[in-house]
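Per our numbering, residue 98 is the first one in the sequence shown, and the count goes up by one each step.
Structure, as structure tokens:
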Amino acid sequence: MVKIAVIPAAGLGTRFKPFTNVYPKEMLPINNKPILAHLIEELIESNMEEVIIIINKDKDSIKEYFEDETRIKITFVYQLEQKGLGHAIYQVKDYIKEDAFAVLLGDDLYIYDYPVIKQLINEYNKVKKTIIGVQSVNDEDIKKYGICIPEGKIDTLTKMQTMIENQLNQLDLILHH
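Pasting the structure below:
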């Protein structure tokens with residue numbers, strides 16, 4: 098059962114400047130609410146029990162914003178050096194142990210009638226293997242993203258033969274075990 102989510106939010110937000118001179122990118126408002134608050138809402142709707150948010154020393158405003166949240170346990174972990182997504186997730190190894198957990202990127206918003214994270218958890222519960230949410234892109238945008246090469250369709254899932262990661266972009270949503 099997946100009950101813990103990890104949200105890496107320690108990045109410097111350089112691609113969003115000058116906006117990130119004022120707010121961390123995860124706190125940029127969408128519909129008068131920070132992106133990160135929308136993600137927390139989705140986690141609550143998906144019956145998650147805890148979220149671990151990875152921040153850097155300059156993002157205490159994220160901590161302050163969520164200090165009164167009582168509907169889900171929020172733990173903050175500091176990433177002292179920004180060495181990429183894998184390094185960020187590694188910072189929570191002592192909190193996760195052997196549990197399955199979800200990873201959501203703090204600056205990506207998912208808008209569907211049924212929570213995306215809940216969809217992924219439901220699929221994970223069926224197969225007990227890593228589940229990754231991906232999205233189709235136009236041919237002219239392929240060079241901007243990591244690419245998945247499918248092997249075959251299994252029910253609602255597609256088995257991936259190969260994944261080619263683009264250094265400029267990271268996968269959007271990962272469910273890991």
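Heads up, the beta-carbon is just placed ideally off N, CA and C, and yes, glycines get one too.
Just verifying my parser: in three-state terms, what is the DSSP assignment at residue i?
| i | result |
| --- | --- |
| Val213 | helix |
| Tyr175 | strand |
| Leu109 | coil |
| Leu125 | coil |
| Lys180 | coil |
| Val224 | helix |
| Lys194 | coil |
| Lys156 | coil |
| Ile208 | coil |
| Glu161 | helix |
Are the beta-carbon atoms of residue i and residue j separated by less than 9 Å?
| i | j | result |
| --- | --- | --- |
| Lys215 | Glu142 | yes |
| Ile149 | Gly203 | no |
| Leu201 | Ala107 | no |
| Leu125 | Phe163 | no |
| Pro105 | Ala185 | yes |
Just to confirm the assignment, what range does the alpha helix (DSSP H) spanning residue i have?
| i | result |
| --- | --- |
| Ala102 | Per DSSP, Ala102 belongs to no alpha helix (DSSP H); it is in the beta strand (DSSP E), 101-105. |
| Leu202 | Here Leu202 belongs to no alpha helix (DSSP H), and DSSP marks it neither H nor E. |
| Glu139 | 132-142 |
With respect to the beta strand (DSSP E) encompassing residue i, which residues constitute its N-terminal and C-terminal limits?
| i | result |
| --- | --- |
| Glu147 | 147-152 |
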